[in-house]
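Using the numbering used here, read the first sequence as starting at 20 and increasing by one per residue. Here is the structure we will look at.
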Amino acid sequence: MGYIAIYYLMIMDNPFLKYSKNNDYVIGDLKKLSSSYIPDTFPHRENQINSIAKILGSIINGGIASNILLYGKSGSGKTSSIIHVTNMLSEAVSGKLNSIYINCQIYDSQYSILVYIINSINVGEPQIPALGLPMDRIYFELIRRLKKSNKYTIIILDEIDKLIQKSGSDALYVNLKIVADSNSSIIGITNEASFINRLDARVQSRLNQESVIFPPYNAIELKDILNFRIDGVIKRGFIDDSAINLCAALGAQEHGDARKSIDLLRIAIDSVLREQKNKVTADDVFHARDKFEMNILKESIKTLPIHSKMVLLSVSLTQETDTELTVTGEIYENYKNISLELGFQPLTMRRISDLLNDLEDLGLISTNTRSLGRYGRTKFIKVMGSIENIKSYIMEDSEFSNFQGSKIVKQTKLRTNFDEYFDYKE
DNA sequence: ACTCCACAGGAAAATTGGGGTA
DNA sequence: TACCCCAATTTTCCTGTGGAGT
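Next comes the structure, spelled out in structure tokens:
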């Protein structure tokens, strides 16, 4: 009796289950269509996987593996492949392996990375706090626990270029030293080919012992991958060939991005299932793309720190009143007003300059440094995408709930001169 | 050739805030 | 509770810069 009740609960609560039970088209686990799913076969990545396996293989015989650097654009299968390989390896040595995956975009200081590694090694000891301990003690503790665990350790540093960008080569050097002092290897993942040149020599030689390159997928390969993912999950015929081709083409367009292709297909399938239609067409994929891009925008704005949100709002409002002169100085003035209105102590211009660069990295704004000769040198800034949407996403933050719209200053130093400059020209 | 605007962005100092210790 | 350590964040101080004006 109890089982039946639970069964119904699951059907009610889990949308995937609901579809799979009520729909003839779904014949397998829809999780296979998630871009983070790690399949057990990787079409068109056999060479890379074999190379990595060969390098790490020496661990099986008790040896030490070289450090590896994986290159490739996003969605080229680097992360999935390495996790797949380490999973297999862990199986081969019957679990005597610590494989620690770290995304350096999230853990971006040497301190946070080391603490994360320590807390990932399970030797039945308490967690280490994320702040406040002296570095040498972290270091000591890490070595101690690594030795105690008595396993080989593989540290995977994803987006390793972000670490260098934020914390410099030293952060990596510390990690590499630990590797030298213990039974472990580092695997770096980067999508920036020039990354290695920015390192200093001592780090370079240690990290770049072996490298594996992941070239972008072409449209034909992407199509294979999509078909492979659908296989056994969705009934043939439910998805129009044109839809698959389009997903592959859009992914190929975006530097051969398999993640994008798969996500697009999944979103398209999802909405077709929800609308109870009986075929996924190219049109559905186009809709999926719009939705996908909106979600990315919304999500990246939602997770922005409060001051970044205020800066972005300032850019939006400034651009709204005058497209010509969205420059740093004016954005800063308006940011200050917004900040004061919302009851925050405004940050300095120097800091805002960095925040603007961060926003550019996120693709939320685009900047262009221009010189107006006598009238100075500054950045011209534009928001990417619709101002209305961006504004509404920012306003979703409760901190902005009583934002009335600060007065938008138009009288910066530059503006006075700049206006004169144009008056003069005309 | 030289000046000077309005910043960009590097370096170092100062502040912040968790955590430990007495 | 007072006080010291630490890394992270932010400010202060600074030098650098492209090109119109003179």
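Every residue gets a Cβ at the ideal spot worked out from N, C-alpha and C, and that includes glycine. Note that the structure is a prediction, hence the values are computed from the model and not measured.
Here Lys-401 carries a strand assignment [DSSP, helix/strand/coil]. The Cβ atoms of Ser-53 and Ile-281 lie closer than 9 angstroms to each other.
Around the beta-carbon of Asp-303, 16 or more other beta-carbon atoms lie within 10 Å, marking it buried. Under the Cβ criterion (8 angstroms, minimum of three pairs), the region 74-89 does not count as touching the region 316-328. Per DSSP, reduced to three states, the secondary structure at Leu-344 is coil, with no helix or strand assignment. In the three-state scheme derived from DSSP, where H, G and I count as helix and E and B as strand, Asn-202 is classed as coil. Residue Tyr-192 holds the alpha-carbon nearest to the alpha-carbon of Ala-220 among Ile-286, Val-402 and Tyr-192.
Under the three-state reduction of DSSP output, Asp-243 falls in the helix class.
The Cβ neighbour count for Lys-167, taken over all protein chains shown within 10 Å, is under 16; the residue is labelled exposed.
In the DSSP annotation of this structure, the continuous segment of the alpha helix (DSSP H) that includes Ser-224 starts and ends at 220-226. The C-alpha of Met-403 lies about 45 angstroms from the C-alpha of Arg-156. In this chain, Phe-159 is not harboured by any beta strand (DSSP E); it is covered by the alpha helix (DSSP H) spanning 154-168. Across the set Ser-327, Arg-248, Glu-273 and Thr-347, the C-alpha of Arg-248 shows the shortest separation from the C-alpha of Ile-46.
Around Phe-311, the same chain offers Asp-282, Leu-283 and Ile-286 as residues with beta carbons nearer than 7 angstroms, after the five sequence neighbours per side are excluded. One thing to note: Ile-147 has its Cβ within 9 angstroms of the Cβ of Val-134. Comparing C-alpha distances from Val-299 to each of Ile-325, Arg-255 and Glu-418 shows the shortest one belongs to Arg-255.
Here Glu-178 is buried, its C-beta having at least 16 other C-beta atoms within 10 Å. A check of alpha carbon separations from Ala-262 across Tyr-130, Lys-50, Phe-305 and Glu-407 identifies Phe-305 as the nearest.
By a beta-carbon distance limit of 8 angstroms, Thr-347 contacts Lys-398. Their separation comes to about 5 angstroms. Tyr-90 carries a strand assignment under DSSP once its states are collapsed to helix, strand and coil. The region 137-152 and the region 103-111 do not touch, with fewer than 3 CB-CB distances between them shorter than 8 angstroms. Assignment of beta-bridge partners to Ser-53 by DSSP yields no partner. The three-state reading of DSSP puts Tyr-236 in coil, since its state is none of H, G, I, E or B. In this structure, the alpha-carbon of Ser-417 lies about 39 angstroms from that of Tyr-394.
For the pair Thr-172 and Asn-202, the CB atoms are nearer than the 9 angstroms cut-off. Counting only unbroken stretches of 3 or more residues, the beta strand (DSSP E) elements lying wholly within the region 116-154 are 116-122, in sequence order. In the displayed model, Thr-172 falls within a strand according to three-state DSSP. The continuous stretches of beta strand (DSSP E) do not include Ile-427, and DSSP gives it neither H nor E. For Ser-95, no alpha helix (DSSP H) encloses it, and the DSSP letter there is neither H nor E. Excluding residues up to 5 positions away in sequence, Ala-84 and Tyr-171 lie with their Cβ nearer than 6 angstroms to the Cβ of Ile-78 in the same chain.
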